[in-house]
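All the letters of the sequence shown, read from the start, carry residue numbers 45 to 460 under my numbering.
Glycine residues also receive a C-beta, built at the ideal position from the N, C-alpha and C atoms.
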Amino acid sequence: MSPQTVALADLVMARCDELGHCSEEPGQITRRFLSKPMHDVHDRLAAWMRSAGLSTRIDNAGNLIGRLEGQSITAGESPRTLLLGSHLDSVPGGGRYDGVLGVLLGLALIEALEGVNLPFHLDIIGFSEEEGVRFSKPYLGSSAVAGRFETEWLERVDAEGTTLREAIVEFGLAPDCLGDAAYSTEEVIGFIEPHLEQGPLLESCGSPVGLVTAIAGQSRLRLAFTGQMGHAGTTPMQGRHDALVSSAEFIRAVRELGTRVEGLRATVGRLKVMPNAPNVIPGRVELSLDVRHAEDEVREQTVTELLTLGERIASADGVEFEVLEHTPEAAVAMDSQLSDLLGKAVAETGYAVTELPSGAGHDAVMMAKCFPIAMLFLRHPGGISHHPDERVERDDVAVALDVLSHFVKRLARCAE
Ligand code: HGY
Ligand code: MN
Ligand code: MN
45 MSPQTVALAD LVMARCDELG HCSEEPGQIT RRFLSKPMHD VHDRLAAWMR
95 SAGLSTRIDN AGNLIGRLEG QSITAGESPR TLLLGSHLDS VPGGGRYDGV
145 LGVLLGLALI EALEGVNLPF HLDIIGFSEE EGVRFSKPYL GSSAVAGRFE
195 TEWLERVDAE GTTLREAIVE FGLAPDCLGD AAYSTEEVIG FIEPHLEQGP
245 LLESCGSPVG LVTAIAGQSR LRLAFTGQMG HAGTTPMQGR HDALVSSAEF
295 IRAVRELGTR VEGLRATVGR LKVMPNAPNV IPGRVELSLD VRHAEDEVRE
345 QTVTELLTLG ERIASADGVE FEVLEHTPEA AVAMDSQLSD LLGKAVAETG
395 YAVTELPSGA GHDAVMMAKC FPIAMLFLRH PGGISHHPDE RVERDDVAVA
445 LDVLSHFVKR LARCAE
């Protein structure tokens, strides 16, 4: 590992720390889609990008893009572009590296490639939204880049009653020009996403980096139990229709089923209790449900079983059960050519090529709908993510940087 790579890895670590201070809440990292601190992230990141020689722009979905112009593009041919990056938003109380690390690795890659002429443009993208926290819809940034943003999403409302359209306008962007964010499939060579593993596998096999084989399918649902509000002090216990009690039973059932099925992940992560007052029987509860499995069939069957369970619990309790929204995402395969090239780049650094699936969703899921994709994971000491204890080792960042650098040079040779 060269001293220059190590110095750049140190810079990536320091920049992750610095962006970690851009938060909606003091003392923890919360950075939702187009929230105020995202301006601060854009300002800092765009300044770093420009001093690395990139031209920068923010598209109307709030994605920040830095471009390294290809220097050896054949005259008369339309230039093609390699996209590389990840997301800049975070979950509430998240870590410093989920998403941000991939963007900053992309920027460090540009710095590592200094003086290398590429026969394609290299665009480093910081997606505005991946986590689905603010508008209960993930991949908003990458949807726009992939040309898959649906206009009706603009009417979605966040917890404060702001529509997505208003949020874009408040951020200083033009929701009616969102279509301009899309790249054409002809233009794009592919999308590479470097990301923290967010799990323990690479650590357990002693590998600093790994090649992602596939991203597990995911079903995201919004459900509701509706019962009857009432006075906590005067309504007899018999005959209550408490929507929170039904929800609690449902949540336990989700965990039980999730535990019984090998490889399944099933989570209720958000509850909206109405009216959410200590002295009122909860009349309505809206719940999120997140179900994942590497095999789509198992995931779909689990969702069906859980919905049947929800119905059964509701009818026993005399409440109503509704599915408000159901977004299934099938498991996503990697592009074999790009993955092969990435694997060769890993081998070139002297490390064995460790392959592993991703249990987490990534911008690559949305990008795969239009472009070839590949993902590089970095070892995650402790494997705890969506948590302030997220960690990555500087030396693993340096290895990832070398891998990406070898990858881009190999791709450049193929493209010539
Ligand atoms: O939820 C996920 O899998 C990702 O971290 N957004
Ligand atoms: Mn995440
Ligand atoms: Mn992520």
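Given the structure, does Glu-214 come close to ligand 2, in the sense that its CB is under 6 Å from one of the ligand's heavy atoms?
no
Cβ of Ala-404 within 6 Å of any heavy atom in ligand 1?
yes
Spatial distance of Ala-389 from Gly-362 (CA atoms)
Spanning the two alpha carbons is a distance of roughly 60 Å.
Taking the C-alpha atoms as reference points, what is the distance between Arg-266 and Leu-353?
15 Å
Beta carbon nearer than 5 Å to a non-hydrogen atom of ligand 3:
Residues with a Cβ closer than 5 Å to any heavy atom of ligand 3, in chain order: Asp-142 and Gly-143.
Pick out whichever of Val-232, Leu-208 and Ile-109 has its Cα sitting closest to the Cα of Arg-178.
Leu-208
Express the C-alpha separation of Ile-154 and Ala-218 in angstroms, rounding to a whole number.
29 Å
Rounded to the nearest angstrom, how far is the Cβ of Leu-184 from that of Leu-445, given a contact under 8 Å?
Rounded, the Cβ-Cβ distance is 28 Å, inconsistent with contact.
Please state whether the Cβ-Cβ distance between Leu-98 and Gly-110 is less than 7 Å.
yes
Inter-residue Cα distance where the pair is Arg-435 and Leu-145:
Near 11 Å, if we compare the C-alpha coordinates of Leu-145 and Arg-435.
Just to confirm, are Val-324 and Met-273 a CB contact at a threshold of 7 Å?
yes
Would Ala-310 and Asp-340 qualify as a contact pair, given that the criterion is a beta-carbon distance under 7 Å?
no
CA-to-CA distance, Glu-230 to Glu-121, given in whole angstroms
Their Cα atoms are separated by approximately 12 Å.
Is the distance from the Cβ of Met-419 to the Cβ of Glu-237 below 7 Å?
yes
Using 10 angstroms around the beta-carbon of Ala-377, count the other beta-carbons present and answer buried if the total reaches 16, otherwise exposed.
By the 16-neighbour rule on beta-carbons within 10 angstroms, Ala-377 is exposed.
Can you list, in chain order, the residues of its chain whose CB lies under 7 Å from that of Val-317, leaving out five sequence neighbours each side?
So the list reads Leu-288, Pro-326 and Val-329, once near-sequence residues are dropped.
Which of the three DSSP states, helix, strand or coil, is assigned to Ser-248?
helix
Neighbourhood of Glu-544 by C-beta distance below 7 Å, restricted to the same chain and skipping five residues each side
As shown, the chain starts at 45 and ends at 460. That puts residue 544 outside it, with no answer to give.
Do you know offhand how far Gly-216's Cα is from Val-85's?
In a straight line, the C-alpha of Gly-216 is about 15 Å away from that of Val-85.
Which one of Leu-301, Gly-139 and Leu-331 has the shortest CA to CA distance from Leu-315?
Leu-331
Nearer than 6 Å: is that true of the beta carbon of Glu-175 relative to any heavy atom of ligand 2?
It does: the Cβ of Glu-175 is within 6 Å (strictly closer) of some heavy atom of ligand 2.
Determine the direct distance from the alpha carbon of Pro-416 to that of Leu-112, and round the result to whole angstroms.
20 Å
Measure the Cβ-Cβ separation of Glu-174 and Asp-439 and say whether it is below 7 Å.
no
Is it the case that the Cβ atoms of Ala-255 and Gly-387 are separated by a distance below 7 Å?
Position check: residue 255 holds Leu in this sequence, whereas Ala was assumed. When the beta-carbon positions are compared, Leu-255 and Gly-387 come within less than 7 Å of each other.
Could I get the ranges of all uninterrupted alpha helix (DSSP H) runs contained in the segment 321-393, with 4 residues as the minimum, in chain order?
340-361 and 380-392
Alpha carbons only, please: which of Ala-268, His-275, His-285 and Glu-293 is nearest the one belonging to Pro-322?
His-275
Output the distance between the C-alpha atoms of His-463 and Asp-142, rounded to the nearest integer angstrom.
Only positions 45 to 460 of the chain appear in this structure, which leaves residue 463 out of reach.
DSSP on Leu-240, reduced to helix/strand/coil?
strand
Taking 7 Å as the threshold (C-beta atoms), are Ala-225 and Asp-87 in contact?
no
Please state the DSSP three-state secondary structure of Glu-449.
Reading off the sequence, residue 449 comes out as Ser, not Glu. Residue state, collapsed to three classes: helix.
Under 7 Å between the Cβ atoms of Glu-364 and Thr-270?
yes
Spatial neighbours of Ala-105 in its chain, beta-carbon cut-off 7 Å, leaving aside the 5 residues before and after
Ser-172, Leu-184, Gly-185, Ala-188, Phe-193, Leu-222 and Ala-225
Range of the contiguous beta strand (DSSP E) that encloses Thr-270:
261-270
From the DSSP secondary-structure annotation, give me the bridge partner or partners of Ile-73.
Gly-138
Determine the extent of the alpha helix (DSSP H) in which Ser-102 is found, giving its start and end residues.
The amino acid at residue 102 is misidentified as Ser; the sequence shows Ile. No alpha helix (DSSP H) holds Ile-102; the beta strand (DSSP E) holding it covers 99-102.
Excluding the 5 residues flanking Ala-152 on each side, which residues of the same chain have their C-beta closer than 6 Å to its C-beta?
Leu-52, Val-56 and Leu-445
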